[in-house]
Amino acid sequence: MFRNAITLMACFVLAAVMTSACAMAAGQGGKLARGQTGQGRSIRIRVFPKRIKIEGFSIELHCSGGYRLIDSESNFMPSAASRKGQIHDAQVGDTDEILIRGHLRSYKLKGRIRVRDHLGRHRCSSPWVPFNTHA
């Protein structure tokens, strides 16, 4: 009987661990905050109590060839917030670099974002663009 109880408890623990691992892998949790950038474009950020994860945004870049590019960015790593709610992060991809600065306060994030990108011979970048999101 004691062995059956231990086996049953082990099954419950295993089920709980698998459920939480699946939830973390699926990116569930946090609140999805939506807002706009200073360019009038949309931005979506998943906000957790001590970190954020940029879901996606679009931004206008100025390129060295004299043209402008509307760039859509997504698939970011989470960014940690300090104890005071400050966000200060740089994420680098194959050809681009995204810089984010902001302040997180009760599921609201206000800050600015900048993108630098290399497209062949052309270098594209945006100015610091302010944004404001709320859940």
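Numbering (the numbering used here), first residue to last: 1266 to 1400.
All C-beta atoms in this analysis are idealised placements derived from N, C-alpha and C, irrespective of residue type, glycine included.
On a predicted model such as this, the values are computed, not experimentally measured, just so you know.
Spatial neighbours of residue i in its chain, beta-carbon cut-off 7 Å, leaving aside the 5 residues before and after
i            : result
residue 1361 : 1380, 1381 and 1382
residue 1353 : 1366
residue 1282 : Summary for residue 1282: the model assigns pLDDT 48, below 50, so the residue's position carries little reliability; its value from the coordinates is reported in the next sentence. Nothing meets the Cβ criterion.
residue 1342 : 1356
8 Å contact criterion, which residue i and residue j should meet: CB distance rounded
i            : j            : result
residue 1294 : residue 1322 : That pair is no contact at about 20 Å.
residue 1251 : residue 1306 : Since the first and last residues shown for the chain are 1266 and 1400, residue 1251 lies out of range.
residue 1391 : residue 1297 : Actually they do not touch by this definition, with Cβ atoms about 23 Å apart.
residue 1387 : residue 1329 : 5 Å
Residue range of the beta strand (DSSP E) that includes residue i
i            : result
residue 1243 : Residue 1243 falls outside the range modelled here, since the chain spans only 1266 to 1400, and no answer is possible.
residue 1341 : Where residue 1341 is concerned, there is no enclosing beta strand (DSSP E), given that its DSSP letter is neither H nor E.
residue 1316 : 1316-1328
residue 1395 : 1394-1399
residue 1300 : 1296-1302
residue 1311 : 1307-1312
residue 1367 : 1361-1370
Sequence-distant residues of the same chain with beta carbon closer than 6 Å to residue i, five excluded per side
i            : result
residue 1355 : 1364
residue 1373 : 1399
residue 1389 : 1326, 1328, 1334 and 1382
Cβ neighbours of residue i in the same chain (closer than 8 Å, five flanking residues each side left out)
i            : result
residue 1346 : 1315, 1316, 1317, 1352 and 1369
residue 1288 : Here residue 1288 scores only 47 on pLDDT, less than 50, and its place in the model is too uncertain to base an answer on.
- Decide if the region 1293-1309 is in contact with the region 1354-1371; the criterion is three or more beta carbon pairs, one per stretch, under 8 Å apart. no
- Evaluate the contact criterion for the region 1296-1306 versus the region 1387-1399: three or more CB pairs, one atom per stretch, below 8 Å. yes
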